[in-house]
Amino acid sequence: MSVTSLKAKLMQGNQACAEGAIYAGASFYAGYPITPSTEIAEILSERLPQVGGRFIQMEDEIASMAAVIGASVTGAKAMTATSGPGFSLKQENIGHAMITEVPCVIANVMRLGPSTGGPTSPAQGDVMQARWGTHGDHPVITLCPNSVQECFELTVKAFNMAERFRTPVFIMFDEIIGHMRERVVLPEPGQIPVVNRKKPEVGPESYKAYEPVDETLVPPMASFGDGYRYHVTGLTHDETGFATTKPEKMAAHLQRLHDKINNFLPEVVDYEEQSIEDAEVVLLAYGSVARAASRAVKDARAAGLKVGLIRPITLWPFPGEAVKKAAAKAKAVIVAEMNLGQIINEVRVAVEGQAPVYGVLRADGEPISPTEILAKIKEVL
Amino acid sequence: MSVTSLKAKLMQGNQACAEGAIYAGASFYAGYPITPSTEIAEILSERLPQVGGRFIQMEDEIASMAAVIGASVTGAKAMTATSGPGFSLKQENIGHAMITEVPCVIANVMRLGPSTGGPTSPAQGDVMQARWGTHGDHPVITLCPNSVQECFELTVKAFNMAERFRTPVFIMFDEIIGHMRERVVLPEPGQIPVVNRKKPEVGPESYKAYEPVDETLVPPMASFGDGYRYHVTGLTHDETGFATTKPEKMAAHLQRLHDKINNFLPEVVDYEEQSIEDAEVVLLAYGSVARAASRAVKDARAAGLKVGLIRPITLWPFPGEAVKKAAAKAKAVIVAEMNLGQIINEVRVAVEGQAPVYGVLRADGEPISPTEILAKIKEVL
Amino acid sequence: MRDHWEIRFGGTGGQGLITAGVILAEAAIIDGKNAVQSQSYGPESRGGSSKAEVMIANDSIDYMKVLAADVLLVMSPEAAKKYCPEVKDDAVVIIDSTYVKDEQPVKGNVYRVNISLLAKQEVGREVVANIVALGVLVGLTKVVSWDALVQAVLARVPKGTEEMNKKALQVGLDAVKGLIDAA
Amino acid sequence: MRDHWEIRFGGTGGQGLITAGVILAEAAIIDGKNAVQSQSYGPESRGGSSKAEVMIANDSIDYMKVLAADVLLVMSPEAAKKYCPEVKDDAVVIIDSTYVKDEQPVKGNVYRVNISLLAKQEVGREVVANIVALGVLVGLTKVVSWDALVQAVLARVPKGTEEMNKKALQVGLDAVKGLIDAA
Amino acid sequence: MNPEIAQYYRVNKLPHIWCPGCSNGIVVRSIVEAIDKAGLDQDKTVIVSGIGCSSRAPGYMNFDTLHTTHGRALAFATGVKLAKPELNVFVITGDGDCTAIGGNHFIHAARRNIDLNVILFNNNIYGMTGGQYSPTSPTGTKATTAVYGNIERSFDSCKLAQTAGASYVARGNAFNTRQLTDIILKGIENPGFSFIEALSSCPVYYGRRNKKGGPADMLKWQRDVCVTQAAYDRLPEEKRAGKIITGVLHHEPQPEYTAEYAKIIEKAQGGNG
Amino acid sequence: MNPEIAQYYRVNKLPHIWCPGCSNGIVVRSIVEAIDKAGLDQDKTVIVSGIGCSSRAPGYMNFDTLHTTHGRALAFATGVKLAKPELNVFVITGDGDCTAIGGNHFIHAARRNIDLNVILFNNNIYGMTGGQYSPTSPTGTKATTAVYGNIERSFDSCKLAQTAGASYVARGNAFNTRQLTDIILKGIENPGFSFIEALSSCPVYYGRRNKKGGPADMLKWQRDVCVTQAAYDRLPEEKRAGKIITGVLHHEPQPEYTAEYAKIIEKAQGGNG
Amino acid sequence: MAIPAEQLKSPVTVNLAWCKGCGICYSLCPTKVLIGNELSKAVVAHPELCTSCRVCEAHCPDYAITVEGGPKR
Amino acid sequence: MAIPAEQLKSPVTVNLAWCKGCGICYSLCPTKVLIGNELSKAVVAHPELCTSCRVCEAHCPDYAITVEGGPKR
Ligand SMILES: Cc1ncc(C[n+]2csc(CCOP(=O)(O)OP(=O)(O)O)c2C)c(N)n1
Ligand SMILES: Cc1ncc(C[n+]2csc(CCOP(=O)(O)OP(=O)(O)O)c2C)c(N)n1
Ligand code: SF4
Ligand code: SF4
Ligand code: SF4
Ligand code: SF4
Ligand code: SF4
Ligand code: SF4
Ligand SMILES: [Mg+2]
Ligand SMILES: [Mg+2]
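Chains as they are written, first to last, in the UniProt record's numbering: chain A, 1 to 381; chain B, 1 to 381; chain C, 1 to 183; chain D, 1 to 183; chain E, 1 to 273; chain F, 1 to 273; chain G, 1 to 73; chain H, 1 to 73.
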């Protein structure tokens with residue numbers, strides 16, 4: 001083992017998320033407890049004041065999301081964490097943060113739904129909701145770790161992307177990842193870069209709060225209290241930030257929300273491939289299921305089967321290009337997820353009929369095992 | 001004009017929806033006002049007590065959805081209506097109605113989002129949210145009228161399907177359809193069938209609230225107060241209705257939610273085709289946009305272009321088979337919708353790469369015109 | 001006689017243009033025709049821009065929005081500016097000269113009528129300007145029968161205001177009598 | 001010595017099995033190994049079924065859940081019934097005979113130890129049954145070093161209870177001393 | 001189980017999931033005893049709850065029972081009652097369920113004075129999620145999200161109910177089961193919104209972390225601090241600190257919502273309401 | 001516009017979207033006058049609002065302004081204030097926004113006594129959506145969703161604020177602009193949750209349907225029915241009916257949330273707070 | 001008839017572009033300085049009667065009135 | 001030592017399958033009829049002392065105690 005093992009610790013996924021937030025410079029958390037995400041709140045209620053930050057337990061999830069946005073407009077890096085029922089409740093205000101372009105991080109530790117469902121059962125049933133849970137149109141960035149180490153690292157990345165793209169960023173764990181404990185090695189301060197939002201370089205007179213100043217299309221963001229006296233509204237607005245009903249302004253505004261992310265897909269989209277070069281069967285899995293799939297790939301290869309794995313790290317934007325490319329050479333694509341068919345639709349869009357797409361789908365509170373995946377591989381081959 | 005024109009009236013889409021509810025036997029409405037759906041509430045606040053029903057303006061949309069479920073378990077046919085922000089807020093309780101299989105109707109008169117967006121601007125930006133707005137997995141039935149006459153008829157149908165399938169049913173208008181007034185001919189009582197939920201035929205001793213008794217997979221539903229003393233919970237439950245964490249029971253329960261609808265797709269899925277037989281360009285559009293598309297088809301045909309239209313009447317389940325079939329013979333598929341790309345994904349899934357799929361997408365508060373669609377047709381041909 | 005009419009009313013919220021559109025569409029239904037009325041308006045209750053559109057046809061109506069108007073009524077300078085260019089060459093363009101002073105439409109047959117002032121001075125209340133306008137419009141275009149129009153107006157307006165509204169219609173009609181005869 | 005251990009603890013909520021799993025995993029980390037601990041539990045705070053799993057390996061650990069256990073500890077009849085069949089043929093199966101009376105595992109090397117009673121009687125508090133169990137388990141399997149175990153226990157338990165917990169470990173170890181030597 | 005009360009339980013679902021010593025079971029018993037004493041038709045009685053430990057109660061109660069979403073029980077119950085006013089509707093809710101996430105439905109149901117019997121199981125903590133502070137946790141409480149001590153002030157949910165419009169408000173506790181049964185019974189008899197706060201105890205999360213002793217100690221504490229208004233008034237000044245007033249705190253009949261709605265129907269159908 | 005107040009407005013956004021005679025503009029003027037009198041740093045002052053006619057006000061006000069979602073202004077404002085306690089935070093809200101959909105955030109912000117200055121524009125109706133009844137519409141009100149007359153009882157939002165925990169509560173009206181400015185000023189000076197109900201008027205939806213006359217008549221009605229507590233007490237019994245008490249209704253300083261939180265930080269960082 | 005407003009130096013001025021003709025000012029003006037025109041908008045009819053009390057300014061919801069002099073509010 | 005409970009006809013009985021050993025009953029029993037066993041569950045140690053006051057039954061959160069006779073509650 002390398003020397004860094006000196007700093008190795010056993011840490012829970014939720015705890016790693018909380019520590020990742022601190023590392024990324026978070027100074028504000030508002031939330032409402034819900035299994036299986038509660039540890040994130042509990043840990044941050046203790047940790048944030050230690051670093052001069054602030055934690056508040058709000059009256060519900062709607063208020064939590066609201067407070068996060070309020071905090072972020074003052075310049076704070078802010079986050080909340082929840083699970084399905086709370087994620088549903090946050091959607092309206094998530095939409096507000098999307099249209100007002102307020103950076104923040106929302107963690108969803110997924111349990112079995114719909115409704116109260118199985119509060120302590122693992123699931124991956126909210127991944128389509130992450131994409132489409134709000135009314136209206138906007139793209140989303142959604143990260144999905146498959147280890148405790150990644151819980152830490154992707155939380156840092158989530159904050160970085162929130163600040164870079166001026167947008168809410170989701171980080172979605174399944175309950176297994178959130179609750180499991182695993183060996184992690186935490187980076188030193190400075191070891192992982194920490195990104196801060198772009199601030200205006202002009203004075204208040206010439207500041208237009210929603211006017212992009214460079215090719216990123218991301219407008220610099222002044223903090224409330226800095227003297228810019230600007231307006232933030234959830235109505236469609238023009239580059240000044242004030243409400244408009246002019247079609248061309250509305251169109252430009254909503255289109256820019258898309259372009260500021262979609263024009264930078266190579267920077268955003270992240271995934272991992274395993275044994276994909278010659279794969280006749282392409283597996284796709286994420287979160288804890290990806291670890292079962294990874295083992296299934298090894299077992300399959302050991303049995304002489306040409307199987308590979310694509311693991312999306314950004315669920316959204318979805319790494320469709322990689323899937324398309326892999327599918328072009330494959331005899332079959334198998335999507336394993338702890339739900340009754342969600343990301344599989346996105347895979348179908350990417351595959352474009354090049355290969356049949358099968359699912360290993362499960363929504364019963366049980367993890368998907370390598371054995372099940374292997375069985376499916378054998379079935380389709 | 002036929003004799004029925006004697007009963008012809010000019011009626012607003014939202015009003016037709018309210019009258020459709022009355023026709024279908026609705027006796028309960030709970031809602032919270034929001035543009036552009038408010039007229040449905042206003043009209044029902046006057047109409048319901050006239051027929052012995054009840055209207056309540058709740059404190060918010062969450063409460064409205066809750067009250068609707070509460071009313072329905074007592075045996076009432078219940079509905080609510082809202083628009084994007086309210087639809088977002090209702091999602092958690094919609095999930096509750098899904099998992100508890102409580103029939104009800106939710107109308108969403110769509111305005112421009114995200115967030116407060118453009119309250120009086122037409123849009124079709126909530127159609128993916130209708131499918132994926134809740135956490136967890138379940139199918140949904142979503143109807144989409146393109147005329148005031150259909151606002152009436154599909155509202156009746158929405159209630160019928162809610163009762164038949166024991167599930168919440170969405171009816172989604174865009175603002176244009178909700179607010180426009182058009183000539184309608186209302187049916188006589190009895191002219192359109194009205195469906196009522198199946199009640200238990202057994203006594204309380206042998207009643208299992210969530211055990212299907214026939215191939216419909218829909219369990220008969222006792223009304224509260226009828227002496228069955230049964231339990232309804234948003235937790236995953238077994239056939240008795242009581243919470244369970246047994247994987248096989250959870251799986252069976254969630255799977256049945258899918259099967260009770262997906263096993264009956266021919267009964268559920270509805271769409272309309274126009275000039276599709278020999279179409280080289282297949283248009284797909286719904287709601288008010290379908291009327292622009294319909295005119296575009298006529299104009300194109302007049303110009304000698306082989307263009308046809310598929311208009312989904314059920315957005316969900318999506319008429320993918322019809323699209324697939326039409327795409328097989330087409331050179332191009334064009335999806336026109338008042339959003340930045342929603343149903344187009346579903347079309348891509350159906351088309352499976354058989355033809356390129358183009359969008360005429362618009363989210364600026366302006367309707368899509370036949371001219372724009374025609375231009376696109378010419379561009380892709 | 002056209003068998004398909006695209007009619008547009010433009011002005012500001014509070015001028016009653018949507019009501020006018022509804023009445024016109026209802027009159028068409030009474031005449032046994034098909035009609036669709038639609039609108040667009042801002043979030044303001046009063047004072048924002050407001051647009052009402054009516055399609056009238058003998059058969060089915062596909063698209064519900066005006067592409068190029070056969071008839072245009074404008075009651076604010078903004079509306080005049082925006083909508084005057086989007087009319088057919090032979091359109092009837094009615095301008096409320098109380099509010100629209102110097103807009104110069106380049107297409108259609110333009111009629112300037114002091115509609116709002118007439119409403120206030122001849123009928124006594126500016127709120128009936130929309131009804132005066134209907135009198136003008138139907139007088140000029142005969143898109144619906146006068147009887148149907150009167151019937152539709154009476155069915156919509158608050159009880160007790162019937163006479164005032166009938167008068168408003170007449171004031172509108174009278175204002176363009178000469179023009180119609182001349183036409 | 002195996003280089004990959006799949007260890008499962010089954011019982012009811014409140015028995016501290018998850019804590020036991022965490023301690024074991026922490027001991028493995030102290031030993032410089034890789035470890036993953038996961039669990040599943042019901043919605044009840046107390047009394048529902050509870051399962052903790054620990055994977056210990058020298059290199060990376062793909063899948064975090066036990067497929068077939070190398071070591072199984074069961075502390076309730078339900079857990080015994082459910083998990084005893086899912087072990088490897090040569091597994092170490094530890095049964096808390098305070099609660100599991102007549103379950104007859106068919107696979108593995110079975111050790112019956114009166115863990116909970118020992119905790120109550122020898123250490124004085126039943127809450128330390130999980131620590132006694134760790135003493136038994138590590139005594140039998142040596143999956144982690146004893147020093148690492150002691151260190152991990154002391155790092156987790158509330159201040160002031162260190163001695164009691166050390167004693168609990170020892171009680172567990174002593175209970176199987178004879179067996180180990182015999183093995 | 002005593003056969004006197006067995007008919008009101010789904011006995012085959014017992015034992016329940018609550019922790020050893022959790023007082024939820026005690027409070028539920030008072031509810032069913034009050035229902036028994038009131039002679040309500042068991043087939044016409046509905047129990048609605050939200051989410052939380054306490055909100056699991058309906059699953060054990062032999063009525064039509066509706067377990068809803070967190071905080072929303074009162075809104076669901078409003079639908080039940082308005083759609084079928086002949087039903088007797090009870091709402092079982094927790095301090096988090098009723099006064100945190102559900103606070104808005106609470107004040108609105110009270111304002112409408114709709115005929116619901118609401119029993120708030122106040123254990124001063126979020127039990128189900130493992131011990132976070134709630135809006136009724138006293139200032140200074142230790143909780144998993146208040147490791148430095150809770151800085152928030154707490155609601156007096158009885159006062160809130162009254163100010164919002166409840167026509168009947170009472171407070172009881174799990175120790176004094178006779179009083180609790182009695183004030184629930186009086187609430188049933190009030191045709192309007194009846195709110196009963198039942199002081200309960202969560203020995204596992206609230207008790208342990210705040211050093212309140214075991215389950216029996218927590219009940220004894222209730223015995224010691226709870227007094228009726230009359231008894232309080234008799235207490236010498238120096239003994240009043242820390243006392244909690246129990247009993248009926250407010251009772252003032254008001255027009256009931258579904259009864260008023262019946263008049264609307266009459267009016268709409270041409271009566272002269 | 002008078003230059004005295006112009007600096008507080010985004011003059012280029014005027015005229016505003018409100019209807020002729022809507023009193024929202026009058027109330028906003030009182031707010032900016034109070035801010036002026038209090039001498040607040042305009043760059044350190046934030047105005048937060050929800051959704052509604054009244055909630056459009058921040059768009060016209062020359063500060064950092066945040067127009068949020070319906071009902072949630074207080075929760076957003078809580079985030080603003082807690083994250084940057086040196087800011088002066090105002091919340092502009094409507095009767096629907098604050099007491100219907102936003103009721104829960106209202107009582108919780110009051111409970112926490114967080115230093116926000118909340119001005120509720122109470123026009124007794126949902127103006128923005130065209131005249132539905134609100135939780136403050138008097139019983140009997142006609143509204144688009146109460147064509148048979150409103151059967152609900154209304155909130156006294158001042159009492160609710162006080163019961164929930166607000167440390168400062170006052171009521172004013174659009175007619176008595178001096179008083180209104182004054183009570184807002186006092187609210188600014190209270191370090192804690194300050195709640196000011198400003199009776200406003202919606203001549204278009206509330207006034208017309210309920211036959212309250214024109215804009216000026218509605219203001220005159222306010223003049224006639226509003227009295228201070230002192231004046232009320234001097235009134236003979238028979239003249240008291242229908243009077244509305246205005247002025248400061250409650251003022252009792254309490255620990256403020258962000259100040260208490262500062263102590264938590266100190267404690268966590270090793271101070272002995 | 002009164003002297004046309006524009007010919008007097010009036011302490012009160014109305015910004016007609018902002019005035020929405022609500023009638024509040026001329027209803028409340030204690031000395032009837034202001035009246036409504038044909039579109040109900042406020043016009044200064046009797047500037048000479050103005051006491052600079054500022055009631056009109058304070059109650060104009062549209063900030064359309066400015067009164068010079070008078071009490072600081 | 002007391003006579004084993006099972007040999008006396010006791011007014012109070014404990015359903016051990018439901019008893020969770022919380023200790024409430026034996027803490028509250030005014031006459032110490034009940035005691036906790038090695039797993040803290042309630043056992044009837046002194047049935048002869050029982051006054052059928054039903055305090056134990058009323059406060060058993062698990063409905064594990066039935067007292068025969070005594071006041072109707
Ligand atoms: C929307 C939503 N948010 C959060 C939760 C998680 N949750 C379940 S119960 C509960 C609090 C329970 O506290 P209380 O109402 O006091 O009931 P108790 O468990 O103490 O009886 C919470 C936060 C949830 N189920 N749903
Ligand atoms: C979630 C949501 N529900 C409903 C609405 C529609 N809506 C906008 S403002 C409003 C009520 C406004 O009333 P009030 O708060 O009293 O403000 P006013 O317009 O009277 O000033 C409603 C219901 C909305 N925008 N968002
Ligand atoms: S956690 Fe607390 S409230 Fe919940 S069952 Fe256990 S003791 Fe009762
Ligand atoms: S609708 Fe009413 S509250 Fe809204 S701007 Fe008009 S008058 Fe004011
Ligand atoms: S108060 Fe203002 S808006 Fe109203 S009439 Fe007078 S100047 Fe015009
Ligand atoms: S300042 Fe006073 S007197 Fe002068 S116009 Fe205004 S209200 Fe009238
Ligand atoms: S009170 Fe009930 S559960 Fe508790 S020890 Fe006694 S019998 Fe057992
Ligand atoms: S009935 Fe009374 S005396 Fe008898 S065991 Fe129970 S508490 Fe003790
Ligand atoms: Mg609680
Ligand atoms: Mg209002």
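From the three backbone atoms N, C-alpha and C, an ideal C-beta is built for every residue, glycine too. Model, not experiment: these values are computed from the prediction.
Less than 8 angstroms between the CB atoms is what I'm expecting for residue i and residue j, so what's the real figure, rounded?
i, j, result
"M110(B)", "F173(B)", "7 angstroms"
"H237(A)", "Y210(A)", "6 angstroms"
Interface residues of chain G around residue i at Cβ under 8 angstroms?
i, result
"K81(C)", "By Cβ distance, chain G contributes nothing, its closest Cβ being about 18 angstroms from K81(C), past 8 angstroms."
Under 8 angstroms between beta-carbons, which chain J residues line up against residue i? List them in chain order, please.
i, result
"W221(F)", "Among the protein chains in the structure shown, which are A, B, C, D, E, F, G and H, there is no chain J."
Rounded to the nearest angstrom, what separates residue i and residue j at their Cα positions?
i, j, result
"V171(C)", "V113(C)", "11 angstroms"
"E239(B)", "A57(C)", "56 angstroms"
"T68(F)", "T244(A)", "16 angstroms"
"A38(E)", "H16(F)", "59 angstroms"
Along chain B, which residues have their Cβ under 9 angstroms away from the Cβ of residue i?
i, result
"N345(A)", "N345, E346 and V349"
Inset, instruction - Closer than 9 angstroms, Cβ to Cβ, to anything on chain G: give me those residues from the region 106-122 of chain C, in chain order. - result: S116, L117, K120 and Q121
Inset, instruction - With 8 angstroms as the limit, tell me which residues of the region 239-273 of chain E have their beta carbon closer than that to any beta carbon of chain F; keep them in chain order. - result: Q254, P255, Y257, E260, Y261, K263, I264, K267, A268 and G273
Legend entry - Chain-ordered residues of the region 246-268 of chain A with a beta carbon less than 7 angstroms from chain F: Residues passing the 7 angstroms Cβ filter: none.
Legend entry - Chain-ordered residues of the region 37-56 of chain B with a beta carbon less than 8 angstroms from chain F: T38, A41, E42, S45, E46, P49 and F55
Inset, instruction - With 7 angstroms as the C-beta to C-beta threshold (strictly closer), list the residues of the region 81-114 of chain B near chain A in chain order. - result: G84, P85, F87, S88, L89, Q91, E92, G95, H96, M98, I99, L112, G113 and P114
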